[in-house]
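Engineer:
2 protein chains.
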Amino acid sequence: MNYQPLLNYMEQHIQLTSEEKSLVINRVNHRKYLRNQYVVQQGDVCRFESFVLSGCLKTFYVDQDAQEHIVMFAVENWWCADLGSFITQTPADYNIQCLENTELLQFSFDNLQQLYLEVPQLERFFRIIIQNAYVATEKRIVRNFSLSAKERYLKFREQYPQMEQRVPQYMIASYLGITKEFLSKLRGQLMQED
Amino acid sequence: MNYQPLLNYMEQHIQLTSEEKSLVINRVNHRKYLRNQYVVQQGDVCRFESFVLSGCLKTFYVDQDAQEHIVMFAVENWWCADLGSFITQTPADYNIQCLENTELLQFSFDNLQQLYLEVPQLERFFRIIIQNAYVATEKRIVRNFSLSAKERYLKFREQYPQMEQRVPQYMIASYLGITKEFLSKLRGQLMQED
DNA sequence: CTAGCACCTTAATCTAGATTAATCTTTTTT
DNA sequence: AAAAAAGATTAATCTAGATTAAGGTGCTAG
Numbered sequence: 022m023n024y025q026p027l028l029n030y031m032e033q034h035i036q037l038t039s040e041e042k043s044l045v046i047n048r049v050n051h052r053k054y055l056r057n058q059y060v061v062q063q064g065d066v067c068r069f070e071s072f073v074l075s076g077c078l079k080t081f082y083v084d085q086d087a088q089e090h091i092v093m094f095a096v097e098n099w100w101c102a103d104l105g106s107f108i109t110q111t112p113a114d115y116n117i118q119c120l121e122n123t124e125l126l127q128f129s130f131d132n133l134q135q136l137y138l139e140v141p142q143l144e145r146f147f148r149i150i151i152q153n154a155y156v157a158t159e160k161r162i163v164r165n166f167s168l169s170a171k172e173r174y175l176k177f178r179e180q181y182p183q184m185e186q187r188v189p190q191y192m193i194a195s196y197l198g199i200t201k202e203f204l205s206k207l208r209g210q211l212m213q214e215d
Numbered sequence: 022m023n024y025q026p027l028l029n030y031m032e033q034h035i036q037l038t039s040e041e042k043s044l045v046i047n048r049v050n051h052r053k054y055l056r057n058q059y060v061v062q063q064g065d066v067c068r069f070e071s072f073v074l075s076g077c078l079k080t081f082y083v084d085q086d087a088q089e090h091i092v093m094f095a096v097e098n099w100w101c102a103d104l105g106s107f108i109t110q111t112p113a114d115y116n117i118q119c120l121e122n123t124e125l126l127q128f129s130f131d132n133l134q135q136l137y138l139e140v141p142q143l144e145r146f147f148r149i150i151i152q153n154a155y156v157a158t159e160k161r162i163v164r165n166f167s168l169s170a171k172e173r174y175l176k177f178r179e180q181y182p183q184m185e186q187r188v189p190q191y192m193i194a195s196y197l198g199i200t201k202e203f204l205s206k207l208r209g210q211l212m213q214e215d
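Those sequence lines, one after another, are chains D and A.
Residue numbering for the first sequence follows the numbering used here, starting at 22 and increasing by one per position.
Residue numbering for the second sequence follows the numbering used here, starting at 22 and increasing by one per position.
#1: Can you check whether the CB of Glu-124(A) is closer than 8 Å to the CB of Gly-76(A)?
#2: Regarding His-90(D) and the ligand FMN, is the C-beta to nearest heavy atom distance less than 7 Å?
#3: Could you check whether the segment 43 to 50 of chain D touches the segment 112 to 128 of chain D, counting it as contact only if at least three pairs of C-beta atoms, one from each stretch, sit closer than 8 Å?
#4: In terms of residue numbering, what span does the beta strand (DSSP E) encompassing Tyr-54(D) cover?
#5: Return the CA-CA distance between Glu-159(A) and Asn-153(A), expressed in angstroms with no decimal places.
#6: Let me know the secondary structure DSSP gives Asn-116(A) once reduced to three states.
#7: Per the DSSP calculation, Met-93(A) is bridged to which residue(s)?
#8: Residues of chain D with a CB under 7 Å from the CB of Asn-98(A): which are they?
#9: So what does DSSP say about Gln-62(D), is it helix, strand or coil?
#10: Strictly below 7 Å CB to CB, what residues from chain A border Val-156(D)?
#11: Does any residue of chain A bring its CB to less than 8 Å from the CB of Val-163(D)?
#12: Using the beta-carbon of each residue, which ones in chain D are nearer than 8 Å to His-90(A)?
#13: So, with DSSP's three-state summary, where would you put Thr-109(D)?
#14: Buried or exposed: Arg-173(D), going by 16 or more other Cβ atoms within 10 Å of its Cβ?
#15: Tell me the DSSP secondary structure of Gln-127(A) in three-state form.
#16: Contact criterion: CB-CB distance below 8 Å. Does Gln-152(D) meet it with respect to chain A?
#17: Please classify Met-22(D) as buried or exposed, where buried requires at least 16 neighbouring CB atoms within 10 angstroms.
#18: Going along the chain, which residues of its own chain have a beta-carbon closer than 7 Å to the beta-carbon of Gln-110(D), five neighbours each way excluded?
#19: My output table needs one value for Glu-121(D): the three-state DSSP class, helix, strand or coil.
#20: State the DSSP-derived secondary structure class of Tyr-39(D), mapped to helix, strand or coil.
#21: State yes or no: is the beta carbon of Ile-35(A) nearer than 8 Å to at least one beta carbon in chain D?
#22: Give the residues of chain D in contact with Tyr-137(A), contact being defined as C-beta atoms less than 9 Å apart.
#23: Within 10 angstroms of the Cβ of Asp-103(D), are there 16 or more other Cβ atoms? Answer buried if so, exposed if not.
#24: Could you spell out where the alpha helix (DSSP H) holding Leu-74(D) opens and where it closes?
#25: Flag Glu-185(D) as yes if its beta-carbon sits less than 8 Å from any beta-carbon of chain A, otherwise no.
#26: With a Cβ-Cβ cutoff of 8 Å, do Val-73(D) and Leu-136(D) count as a contact?
#27: Please decide whether Asp-84(A) counts as near chain D, where near means a Cβ-Cβ distance under 8 Å.
#28: One question on the structure: do Gln-62(A) and Asp-114(A) come within less than 8 Å of each other, judged by their Cβ atoms?
#29: What number of angstroms, rounded off, separates the C-alpha of Cys-119(D) from the C-alpha of Tyr-82(D)?
#30: For the pair the segment 89 to 103 of chain D and the segment 186 to 204 of chain D, tell me if three or more CB-CB distances fall below 8 Å.
#31: Taking the runs of the beta strand (DSSP E) that are 3 residues or longer, which of them lie wholly in the segment 122 to 203 of chain D?
#32: Among the residues of its own chain, which have a CB less than 6 Å from the CB of Ala-95(D), if the five just before and after it don't count?
#33: Flag this pair as yes or no: are the beta carbons of Leu-37(A) and Gln-142(A) separated by less than 8 Å?
Have a look at this one:
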């Protein structure tokens with residue numbers, strides 16, 4: 022099993038001895054999902070905080086009118102969970118579904134509590150993860166408030182350049198909060214411009 | 022000085038001995054602000070995490086077109102800070118300004134680091150604060166995505182019933198992400214309906 | 001090879017909410 | 001009490017983006 026990407030990621034924020042690393046590795050579950058499988062379903066408690074080794078996932082919300090709203094994508098070296106649900110162990114607002122065959126390293130809630138005792142530095146690590154998630158979410162609110170659909174799309178393209186090749190346009194539209202038809206129109210306009 | 026509201030709030034999440042309580046009280050600054058004073062300005066580093074003893078504040082963002090976007094209000098027993106800035110000690114995206122004369126209990130970044138050593142339980146407490154902030158922010162994204170302006174307004178009214186009397190309508194409009202004229206129209210419609 | 005499905009585009013029409021501008025009301029200042 | 005400033009309403013017009021509907025492209029499967 023390849024734990025290196027996770028350990029590399031962790032070492033960006035904390036230093037771990039090799040004993041600590043093996044404690045982490047002991048508590049983490051490796052799991053493969055197939056394309057279209059769900060990692061979390063709206064209404065269930067989110068049981069894992071997952072690190073993406075390979076593949077691609079979407080986190081989305083289904084509203085009363087059965088409309089899907091994508092709130093984030095996750096690819097290699099990203100974390101993915103309904104953090105609100107995981108943290109409080111209450112039912113999830115979001116679904117998380119694989120867009121490709123996907124390999125995850127998963128921390129269950131209980132294992133994570135254990136690990137906090139075994140490797141106290143992880144308290145710090147996961148606080149940073151939550152903080153980053155929080156800051157990113159806040160920035161997204163600001164962006165949705167103050168930018169037009171076209172500006173949001175351009176920002177998305179520069180921020181996730183690989184993403185457009187990887188996921189269908191109607192999902193990008195959903196992420197941007199617009200219809201696929203309007204995204205198509207914007208793309209038409211942008212082609213024109215250059 | 023009246024520290025009781027803060028201690029009550031803390032005791033909802035953690036238990037503190039009376040020695041620990043005095044450690045907290047020793048590290049917290051009490052400060053009065055006048056109406057219209059700024060607690061944080063966009064571009065400055067947010068120096069405090071503040072607990073509201075009395076008064077009312079708005080957290081807002083000014084975009085390129087000098088438009089103000091209110092992201093949250095804070096009243097008695099709420100926390101207020103540009104958490105993203107405070108946590109990372111980097112320049113703030115938001116302004117925080119008093120809408121009334123306001124009394125705050127403030128934790129400076131350095132004092133808080135000290136306190137984490139003196140009262141380790143506070144690590145837990147402030148993680149919970151951040152988690153709650155995160156969850157609230159996430160729910161807000163979902164709401165902005167899937168509800169119409171009218172629905173958001175109704176939700177706002179039921180969630181912050183006291184607020185409408187306390188802050189001018191054009192600020193509520195800004196919080197809801199609509200113009201004051203349109204809010205006025207909605208209010209007209211709703212009067213009609215009942 | 002063609003049927004079917006998943007995805008994308010284009011164009012016409014519609015609507016929630018923005019903009020502008022004028023008037024009215026309430027609060028604050030002097 | 002008058003004047004000024006701050007806030008709220010109303011109505012006409014405008015626009016970003018939604019909706020509907022039809023046709024196009026390209027993959028995958030029998």
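Glycine included, C-beta positions come from ideal geometry on N, C-alpha and C.
Structural biologist: In short:
#1: yes
#2: Inclusion of the ligand FMN in the displayed structure is not the case, the ligand content being empty and no account of it being possible.
#3: Yes, the segment 43 to 50 of chain D touches the segment 112 to 128 of chain D.
#4: Secondary structure note for Tyr-54(D): its beta strand (DSSP E) is the uninterrupted segment 50 to 54.
#5: 10 Å
#6: Of the three classes helix, strand and coil, the one that applies to Asn-116(A) here is strand, per DSSP.
#7: In the DSSP assignment, the residues bridged to Met-93(A) are Thr-80(A).
#8: Chain D residues near Asn-98(A): none, gap ~20 Å exceeds 7 Å.
#9: coil
#10: Gly-105
#11: yes
#12: Within 8 Å Cβ-Cβ: Val-163, Phe-166, Ser-167.
#13: helix
#14: buried
#15: strand
#16: Answer yes: the Cβ-Cβ gap between Gln-152(D) and chain A drops below 8 Å somewhere.
#17: exposed
#18: Val-66, Phe-130
#19: coil
#20: Before going further, note that residue 39(D) is Ser rather than Tyr in the sequence given. Correct three-state label for Ser-39(D): helix.
#21: Taking Cβ atoms only, chain D never reaches closer than 8 Å to Ile-35(A), which makes this a no.
#22: Here the premise fails: no neighbours, minimum Cβ distance about 10 Å.
#23: buried
#24: Element bounds for Leu-74(D): not the alpha helix (DSSP H) but the beta strand (DSSP E), 69 to 75.
#25: no
#26: no
#27: Chain D, which has a Cβ nearer than 8 Å to the Cβ of Asp-84(A), makes this yes.
#28: For Gln-62(A) and Asp-114(A), no; Cβs fall outside 8 Å.
#29: 14 Å
#30: yes
#31: DSSP runs (the beta strand (DSSP E)) wholly in the segment 122 to 203 of chain D: 123 to 129.
#32: Val-73, Leu-78, Cys-101
#33: yes
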